[in-house]
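Visitor: Here it is, the structure in full.
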Amino acid sequence: MDNLRASLLMVGSMAGFAIEDAVIKYLSAAMPVGQIMVLIGLGGSAIFCAVAWARGVTVLSRQAVRGAVLLRNLSEMVSASLVVLAIALVPLAVVTAILQAMPLVVTLGAALFLGEPVGWRRFSAIAVGFLGVLLIIRPGAADFDPAALLALAAVVTLTVRDLATRRVAGDVHSLQLSAWGFLTIVPAGVLLLAILGEAPLAPNAGQWGWLLAGLCAGTLGYAALVGATRTGDIAVTTSFRYSRLVFAMAIGFTFFGERPDAMTLIGSALVVGAGLFTLWREMRLRPMPG
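First residue of the sequence shown? That's 0 in numbering that gives the first Met the number 0, and the numbers climb one at a time after it.
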């Protein structure tokens with residue numbers, strides 16, 4: 000396995016996703032978030048449908064509305080709404096830091112609902128990670144931002160998505176899952192427009208350019224993520240997922256004037272540290288091949 004190339008791909012992937020988040024936040028100042036979701040969903044699904052067609056993979060299938068795939072698609076739909084709203088309302092660094100707790104919640108969910116063994120060390124790491132999230136959100140404090148709970152809710156729904164993915168049949172192609180995932184963003188955006196009572200606007204040339212840039216960044220980020228997982232050792236490459244937080248903080252500082260306070264930085268460090276420890280324990284406990 001080429002771990003150096005895979006690690007670079009993973010870092011590039013996280014940079015792409017961070018840029019996509021930044022574009023969404025920038026556009027949300029002048030465009031309804033529901034409309035942003037619709038346009039990104041249409042663009043992303045068109046790209047993945049085209050790639051699937053080129054590779055002879057059928058996107059139109061009844062499997063999209065059955066069992067674990069249906070649960071995954073519904074979770075993706077809700078998650079996209081929560082994440083985009085959080086990005087629009089909360090500093091990028093805060094949203095990204097909270098979302099880094101997702102691997103910990105996935106580990107907890109796998110233990111509670113899928114019967115996967117988790118020892119006291121990883122349960123302790125999960126508790127430390129949750130403490131880090133509390134330091135970031137600070138419920139009850141004077142500077143508590145209720146909108147940050149959107150990101151926390153997204154962690155739960157994204158966990159449901161990932162747990163459902165583990166139950167998806169092996170004959171479902173990853174391109175199908177990707178296309179369906181983007182397609183679910185479209186009705187979610189329409190529903191969000193209706194709930195918030197917002198009317199879509201006609202994007203100007205500059206906004207179309209930003210939308211295209213965000214779509215390209217997200218799509219390339221996804222392609223790099225797939226490449227990283229296929230060419231490198233997961234124990235090495237997965238740890239580089241946390242580079243997304245570094246990119247988010249740098250972008251937030253440079254372009255949005257965000258200045259994370261000490262509590263946010265400490266909480267972020269606890270979340271990332273707990274996640275890395277959990278990953279290390281999982282790799283140690285994994286049976287060696289051969």
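Glycine is no exception: its CB is placed at the ideal position from the N, C-alpha and C atoms.
#1: Take residue 239 and list the residues in its own chain whose beta-carbon comes closer than 6 Å to its own, dropping the five residues that flank it on each side.
#2: Following a CB-centred definition, is residue 40 positioned closer than 7 Å to any heavy atom of the ligand PLP?
#3: Skipping 5 residues on each side, what residues in its chain have a beta carbon closer than 6 Å to that of residue 199?
#4: For the pair the stretch 252 to 267 and the stretch 108 to 119, tell me if three or more CB-CB distances fall below 8 Å.
#5: Whose C-beta lies closer than 6 Å to the C-beta of residue 43 among residues of the same chain, with five residues either side of it excluded?
#6: Tell me the rounded alpha-carbon separation between residue 289 and residue 163.
#7: Check whether the Cβ atoms of residue 136 and residue 124 sit closer than 8 Å, and answer yes or no.
#8: Quick one: Cα of residue 273 to Cα of residue 201, how far?
#9: With respect to the alpha helix (DSSP H) encompassing residue 160, which residues constitute its N-terminal and C-terminal limits?
#10: Would a C-beta distance cut-off of 8 Å place residue 290 and residue 79 closer than the cut-off?
#11: Looking only at its chain, what residues have a beta carbon closer than 7 Å to the beta carbon of residue 270, apart from the 5 residues adjacent to it on each side?
#12: Quick one: grab the DSSP three-state call for residue 28.
#13: Between which two residues does the alpha helix (DSSP H) harbouring residue 120 extend?
#14: Using a Cβ cut-off of 8 Å (strictly closer), state whether residue 6 contacts chain D.
#15: Just tell me which of 245, 40, 121, 143 has its CA closest to the CA of residue 178.
#16: For residue 246, tell me which candidate among 2, 4, 283, 18 has the shortest Cα-Cα distance.
#17: I need the boundaries of the alpha helix (DSSP H) containing residue 95, first residue and last residue.
#18: Note the first and the last residue of the continuous alpha helix (DSSP H) segment covering residue 357.
#19: Would you check if the distance between the CB atom of residue 83 and the CB atom of residue 23 is smaller than 8 Å?
#20: What residue ranges within the stretch 186 to 270 form continuous alpha helix (DSSP H) runs of no fewer than 4 residues, ordered along the chain?
#21: Whole angstroms is fine: what's the gap from residue 190's alpha carbon to residue 207's?
#22: Would residue 90 be called buried (16 or more neighbouring beta carbons within 10 Å of its own) or exposed?
#23: By a C-beta neighbour count over all protein chains shown, 10 Å radius and 16 as the cutoff for buried, is residue 237 buried or exposed?
#24: Look at the alpha carbon of residue 32 and the alpha carbon of residue 283, and state the distance between them as a whole number of angstroms.
#25: Following the continuous alpha helix (DSSP H) through residue 66, name the residue where it begins and the one where it ends.
#26: Would you call the CB atoms of residue 73 and residue 153 closer than 8 Å?
#27: If you draw a straight line from the C-alpha of residue 61 to the C-alpha of residue 268, how long is it?
#28: Please confirm whether residue 106 and residue 121 have their CB atoms less than 8 Å apart.
Guide: So, from the data block:
#1: 6, 9, 10
#2: The ligand PLP is not part of the structure shown, which contains no ligands of any sort.
#3: 34
#4: no
#5: Same-chain partners within the cutoff: 181.
#6: Residue placement at residue 289 is poorly supported in this model, since its pLDDT is 46, which falls under 50; the coordinates are not used for a value here.
#7: no
#8: 44 Å
#9: For residue 160, the enclosing alpha helix (DSSP H) covers residues 147 to 164.
#10: Outside the shown range of the chain, which is 0 to 289, sits residue 290, and nothing can be said about it.
#11: 96, 99, 100, 128, 131, 132
#12: coil
#13: Annotation for residue 120: the continuous alpha helix (DSSP H) segment containing it runs 119 to 136.
#14: In the displayed structure, chain D is absent; only one protein chain is listed.
#15: 40
#16: 18
#17: 91 to 98
#18: Absent from the structure is residue 357, since the part of the chain shown begins at 0 and ends at 289.
#19: yes
#20: The stretch 186 to 270 contains these whole alpha helix (DSSP H) runs: 204 to 230, 233 to 236, 242 to 254.
#21: Between the alpha carbons of residue 190 and residue 207 lies a gap of roughly 22 Å.
#22: buried
#23: buried
#24: 43 Å
#25: 66 to 88
#26: No; because the gap between Cβ atoms is not below 8 Å, this pair is not in contact.
#27: Per the coordinates, the alpha-carbon of residue 61 lies some 43 Å from the alpha-carbon of residue 268.
#28: Against a cut-off of 8 Å, the Cβ pair of residue 121 and residue 106 comes out as a contact.
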